[in-house]
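Chemist: Please read through the structure below; I'll follow up with questions.
Number of protein chains: 4
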Amino acid sequence: MTSLNLEKASRIVDAALEHAASQGMKPLTVAVLDAGGHLVAFKRQDRTGILRPAIAQGKAWGALGMGLGGRALAQRAEMAPAFFTALASASDGRVIPVPGGVLIKNAEGDVVGAVGISGDLPDNDEACAVYGIEQAGLIADPGQPH
Amino acid sequence: MTSLNLEKASRIVDAALEHAASQGMKPLTVAVLDAGGHLVAFKRQDRTGILRPAIAQGKAWGALGMGLGGRALAQRAEMAPAFFTALASASDGRVIPVPGGVLIKNAEGDVVGAVGISGDLPDNDEACAVYGIEQAGLIADPGQPH
Amino acid sequence: MTSLNLEKASRIVDAALEHAASQGMKPLTVAVLDAGGHLVAFKRQDRTGILRPAIAQGKAWGALGMGLGGRALAQRAEMAPAFFTALASASDGRVIPVPGGVLIKNAEGDVVGAVGISGDLPDNDEACAVYGIEQAGLIADPGQPH
Amino acid sequence: MTSLNLEKASRIVDAALEHAASQGMKPLTVAVLDAGGHLVAFKRQDRTGILRPAIAQGKAWGALGMGLGGRALAQRAEMAPAFFTALASASDGRVIPVPGGVLIKNAEGDVVGAVGISGDLPDNDEACAVYGIEQAGLIADPGQPH
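From first to last, the protein sequence lines stand for chains A, B, C and D.
Numbering that gives the first Met the number 0 numbers the first residue of the first sequence as 0 and each following residue consecutively.
Numbering that gives the first Met the number 0 numbers the first residue of the second sequence as 0 and each following residue consecutively.
Numbering that gives the first Met the number 0 numbers the first residue of the third sequence as 0 and each following residue consecutively.
Numbering that gives the first Met the number 0 numbers the first residue of the fourth sequence as 0 and each following residue consecutively.
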C-alpha cells in the first residue's frame, strides 16, 4: 500500500507552485496533510495574507474531516449552512468548505492525505492541487458535486 | 429504574452497525453517551473521515443539551440560525443539530442517554440509532418536529 | 503493511477488559485511537468518573503526539515539568503523560495507533493495554524509560 | 533591509535537514515563521509524532513572542514557572520554551523570523536550526542564557 511520505508531500508542494507560476497565478499558500490531518509539508509564497496558512490547512483538514473534497463540501455547505456552522465550531475552525481542498488517494483508493491551496480563485487553487498530486504519482479527488 | 450501562450501550452500537450492514449503508461512526453527556461506547468503521467522531458525539450531545432529538433540533436550527450559532459557541462545538442524534429513554420516560450516528444520509443514520436503541430494550426519541 | 481497523481495535478493547476482569481490577475506560489520533473504539465500564474518557484518550493521544509510550512520557514529564505544561496547552489538554498510554505497532515497526486506559493503578492500566494489543496480533510499546 | 522570503525560508528548512542527516539524527520537524509569527515553510520527516508540528511551531513562536531564543526562554521558564504557565494560556499554547527555537536576524540586527525544530535532543534541534539559518546567509540567535 502506498502511503504519503515527506518526499511525495514535498513534490506535491513544489509541483503545485510550478503550475501556478506557469499560469501566472497570484502568490499561493500550499499545505499537505497526512491522513490524520497533521502537517507534512508547507510553503507560503511572498506577499500573501497572514490567514492563508489557516485557510490552506482548513481546506485540506475539512476534506479529511468529512472524507470529501472541497468542491463537494462547498456544495453541501450551501445546502446545509447550519450544519457547516456547527462543523466550524466542532472542528475549532479547521473546516474550510471551498474548492482547493483535494483528497490524496493511492491506487487502492485509500485516503492517504489532503492538499489545501489558497491565494487565487478557488478553481485555480484546486487545479494546482490536482496537478501537484498527479505529478507525485498519486490520485487527486477534488470532490465532485452530486 | 432502568439506566444505561456499558452492556446496553455496547448492544446499541453493535445493533446499529448490524442494521447498517443489512441495508448496505456507508461506513458509520456510532457514539453512545450517558445522561451526563459522557461517552460510554463508540465504534468508527473503516474509511470514515476524521471529523466523524466529533460529529457523532455532537449529534448525541446536542440532543442531551436541549432535551430534544436531532430531528427537532434541525428544524429549530433552520428557524433560529443565530441561536444555534450561539449554542455552537456556548457548547464549545458540541451541538450538531441534525437527524441522527436520538435520545434514549427508559419505560418511565426518563432520558438515560443519547446515540449519535454519522456517515450516511441523516435519515439513515437516525434509522440505525433507533434500531439499536430498540434492540437494547430501550425507547428511542429521534425528535419529532412540530 | 498491517494497519489498524475497527475489527482489531474492538478486539483490543474487549481483550483489555477481559484481562481486567480476570485480575479483579477496578472498572476501566479503554480508548483506541488510529495513527492520526482519532478515536476508533471505546468502552467505559459502569461506575467510572466522567473525566475518564478524556484521560484514557489523553494517554493514547500523548503517546502518538510524541511517538513515545506513556511510561517514557511520565519519566520525561518528571524531568521537564515546564515543557509538559507547555505541551498540555499546545495540545489543548490532549497529552496525559502517565503509564497506560501504549503505542500500537505493526511487524514493520510502524506506529498504527495507540491505546489509553484509565481506572486502576497506572501499572495495571498499562498491563491491560499491552494484553489487549497482543491479543489482537499487534506489538505493544508502553515506552521504556531510559 | 534583508527580510525573510520563501526562498530563504526553504533554504533554511532544507539545510537544517541536510545537517541532521549528516549527523545521523532522529527524524525532525522544521518550521520557519516570519516576523509576525506566521508559517512560511515547513517539513516533517517520516515517523515523527503528531504533536511535532505544534512543538516546532511553538518553539519558533515563543522565541518571537518574547524576542528571545528558546535557550534563554528555557532558563527563564525554570526560574519563573508560573509566568510561563500563564504565557502558555495567554498564547493559546503557542509558547514552547525549549532550545531549538532560534531567532533569525538580518545584518542590521532586526528579527525577520524564527526557526523551530523538534525531534532529537534540544541541543541537536538547535544546532540544525543555527546551521540552516547560516546557510541561508542570515544570523542565528538561539538565546544565550544570562
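Backbone N, C-alpha and C define an ideal beta-carbon position, used for all residues, glycine too.
#1: So, at 6 Å on beta carbons, what are the nonlocal neighbours of L102(C) in its own chain, with the 5 sequence-adjacent residues on each side left out?
#2: Given A87(C), which residues of its chain have a CB within under 8 Å of its CB, disregarding the five upstream and five downstream residues?
#3: So with CB distances below 8 Å, who are the chain C contacts of S88(D)?
#4: Have a look at D122(B) and T84(C) and give me their C-alpha separation to the nearest angstrom.
#5: Between D119(A) and chain G, is the shortest Cβ-Cβ distance under 9 Å, so that the two count as touching?
#6: Measure the alpha-carbon distance for P144(A) versus I116(A) and round it to whole angstroms.
#7: Please report the distance separating the alpha-carbon of A106(A) from that of E133(A).
#8: Could you tell me the alpha carbon to alpha carbon distance between L38(A) and A30(A), rounded to whole angstroms?
#9: Which complete beta strand (DSSP E) runs does the stretch 42 to 89 of chain B hold, if anything under 3 residues is left out?
#10: Are the beta-carbon atoms belonging to R46(B) and G36(A) less than 9 Å from one another?
#11: Per DSSP, A139(D) is paired with what?
#12: Taking only beta-carbon atoms, is R43(A) less than 9 Å away from chain D?
#13: If contacts are defined as beta-carbon pairs under 8 Å, then V97(B) and K58(B) qualify, I think. What distance do you get, rounded to the angstrom?
#14: Shorter than 9 Å from the beta carbon of L38(A) to some beta carbon of chain B?
#15: Would you kindly check if the distance between the Cβ of A89(A) and the Cβ of G92(B) is under 9 Å?
#16: Can you check whether the C-beta of A34(A) is within less than 9 Å of a C-beta belonging to chain C?
#17: Please check the pair A15(B) and G118(B), which I expect to be a contact at CB under 8 Å, by giving their CB distance rounded to whole angstroms.
#18: Could you name the residues of the same chain whose beta carbon sits closer than 8 Å to that of G64(D), not counting the 5 residues immediately before and after it, in chain order?
#19: What residue range is occupied by the uninterrupted beta strand (DSSP E) comprising A113(C)?
#20: Could you tell me whether any Cβ in chain A is nearer than 9 Å to the Cβ of I132(D)?
#21: Under a Cβ-count criterion, where at least 16 other Cβ atoms within 10 Å of its own Cβ denotes burial, should E77(A) be classed as buried or exposed?
#22: Would you say R70(D) reaches chain C, if we count a Cβ-Cβ gap shorter than 9 Å as a contact?
#23: What does a CB cutoff of less than 7 Å around A55(C) pick up in its chain, not counting 5 residues either side in sequence?
#24: If we call anything under 9 Å between Cβ atoms a contact, is I49(A) one with K104(A)?
#25: Under a Cβ-count criterion, where at least 16 other Cβ atoms within 10 Å of its own Cβ denotes burial, should Q22(D) be classed as buried or exposed?
#26: Comparing the C-beta of T47(C) with each C-beta of chain D, is any distance below 9 Å?
#27: Beta carbons nearer than 8 Å to chain A: which residues of the stretch 92 to 111 of chain B have them?
#28: In the DSSP assignment, find the beta strand (DSSP E) that holds V129(A) and state where it starts and stops.
#29: Would you list the residues sitting across from L32(B) in a DSSP beta bridge?
#30: Quick check: is the beta carbon of L5(D) nearer than 9 Å to any beta carbon in chain A?
#31: List, in chain order, every chain D residue whose beta-carbon is nearer than 8 Å to that of M24(C).
#32: Just verifying my parser: in three-state terms, what is the DSSP assignment at I95(A)?
#33: Could you pull out every residue in the same chain whose Cβ sits closer than 6 Å to the Cβ of W193(D), ignoring the five residues on either side in sequence?
#34: Would P52(B) pass as an interface residue toward chain C - the criterion being a Cβ-Cβ separation below 9 Å?
#35: Span of the alpha helix (DSSP H) holding S2(B)?
#36: With distances taken Cα to Cα, identify the nearest neighbour of D124(C) among K7(C), P26(C), S9(C), L5(C).
Modeler: Looking at the atomic coordinates:
#1: Along the third sequence, read from residue 1 onward, the residue named residue 102(C) stands at position 103. The beta carbon of L102(C) sits closer than 6 Å to those of A62, G68, V110, A113, D140, all from its chain and outside the five residues before and after it, given in chain order.
#2: For this step, residue 87(C) is matched to residue 88 along the third sequence. Closer than 8 Å at the Cβ level, and outside the excluded window around A87(C), lie V94.
#3: Here residue 88(D) refers to the residue found at position 89 of the fourth sequence. The answer, in chain order, is S88.
#4: Position 123 of the second sequence, counting from 1, holds the residue named residue 122(B). Position 85 of the third sequence, counting from 1, holds the residue named residue 84(C). Going from the Cα of D122(B) to the Cα of T84(C) covers about 44 Å.
#5: This model lacks chain G altogether; the protein chains it does include are A, B, C and D.
#6: Looking up residue 144(A) in the first sequence gives position 145. Looking up residue 116(A) in the first sequence gives position 117. P144(A) and I116(A): Cα-Cα distance of roughly 19 Å.
#7: Locating residue 106(A) in the first sequence gives position 107, where the first residue counts as 1. Locating residue 133(A) in the first sequence gives position 134, where the first residue counts as 1. Roughly 12 Å separates the two Cα atoms.
#8: Against the first sequence, residue 38(A) aligns to sequence position 39. Against the first sequence, residue 30(A) aligns to sequence position 31. L38(A) and A30(A): Cα-Cα distance of roughly 7 Å.
#9: Correct list: empty.
#10: Residue numbering aside, residue 46(B) sits at position 47 when the second sequence is read from its first letter. Residue numbering aside, residue 36(A) sits at position 37 when the first sequence is read from its first letter. For the 9 Å CB-CB criterion, R46(B) and G36(A) do not form a contact.
#11: What you label residue 139(D) is simply residue 140 of the fourth sequence in a count that begins at 1. Bridge partners of A139(D): I103(D).
#12: Along the first sequence, read from residue 1 onward, the residue named residue 43(A) stands at position 44. So, interface residue.
#13: For the purposes of this step, residue 97(B) is identified with residue 98 of the second sequence, where counting begins at 1. For the purposes of this step, residue 58(B) is identified with residue 59 of the second sequence, where counting begins at 1. At roughly 6 Å, the Cβ-Cβ gap stays under 8 Å, so V97(B) and K58(B) are in contact.
#14: Translated into positions along the first sequence, residue 38(A) becomes position 39. Contacts with chain B at 9 Å (Cβ-Cβ) do not include L38(A).
#15: Here residue 92(B) is taken as the residue at index 93 of the second sequence, counted from 1. Here residue 89(A) is taken as the residue at index 90 of the first sequence, counted from 1. Result yes, Cβ atoms of G92(B) and A89(A) sit closer than 9 Å.
#16: Within the first sequence, numbered from 1, the residue matching residue 34(A) stands at position 35. So, interface residue.
#17: Within the second sequence, residue 15(B) is the residue found at index 16, counting from 1. Within the second sequence, residue 118(B) is the residue found at index 119, counting from 1. Not really, about 11 Å apart at Cβ, beyond 8 Å.
#18: Translated into positions along the fourth sequence, residue 64(D) becomes position 65. Hits under 8 Å: G36, L86, S90, R93, V94.
#19: Start at 1 with the first residue of the third sequence, and residue 113(C) comes out as number 114. Following the DSSP letters along the chain, one finds A113(C) inside the beta strand (DSSP E) bounded by residues 110 to 117.
#20: On the fourth sequence, position 133 is the one that residue 132(D) refers to. Among the CB atoms of chain A, none fall inside 9 Å of the CB of I132(D).
#21: Counted from its first residue, the first sequence places residue 77(A) at position 78. Under the 10 Å beta carbon count, E77(A) is surrounded by fewer than 16 other beta carbons and is classified as exposed.
#22: As a working note, residue 70(D) is residue 71 in the fourth sequence. Contact of R70(D) with chain C is not assigned, every C-beta pair being separated by 9 Å or more.
#23: If you number the third sequence from 1, residue 55(C) lands on position 56. Excluding sequence neighbours, A55(C) sits near T28, V29, A30, G115, I116, S117.
#24: The residue given as residue 49(A) occupies position 50 in the first sequence. The residue given as residue 104(A) occupies position 105 in the first sequence. No; because the gap between Cβ atoms is not below 9 Å, this pair is not in contact.
#25: Here residue 22(D) is taken as the residue at index 23 of the fourth sequence, counted from 1. Here Q22(D) is exposed: its Cβ has fewer than 16 other Cβ atoms, across all protein chains shown, within 10 Å.
#26: Along the third sequence, read from residue 1 onward, the residue named residue 47(C) stands at position 48. Not an interface residue.
#27: The residues in question are G92, R93, V94, I95, P96, V97.
#28: Indexing the first sequence from 1 puts residue 129(A) at position 130. V129(A) -> not in any beta strand (DSSP E); alpha helix (DSSP H) instead, spanning 121 to 134.
#29: Numbered from its first residue, the second sequence carries residue 32(B) at position 33. DSSP lists L38(B), A113(B) as partners of L32(B).
#30: For the purposes of this step, residue 5(D) is identified with residue 6 of the fourth sequence, where counting begins at 1. By this cut-off, L5(D) is an interface position.
#31: By 1-based counting over the third sequence, the position of residue 24(C) is 25. In chain order: nothing, as chain D lies at least about 29 Å away.
#32: Start at 1 with the first residue of the first sequence, and residue 95(A) comes out as number 96. Coil.
#33: Here chain D has residues from 0 to 145 only, and residue 193(D) is not among them.
#34: Looking up residue 52(B) in the second sequence gives position 53. Yes, P52(B) lies at the interface with chain C (some Cβ there is under 9 Å from its Cβ).
#35: The residue labelled residue 2(B) in the question sits at position 3 within the second sequence. Premise fails: S2(B) is in no alpha helix (DSSP H) and is neither H nor E.
#36: Indexing the third sequence from 1 puts residue 124(C) at position 125. Nearest option by C-alpha distance: P26(C).
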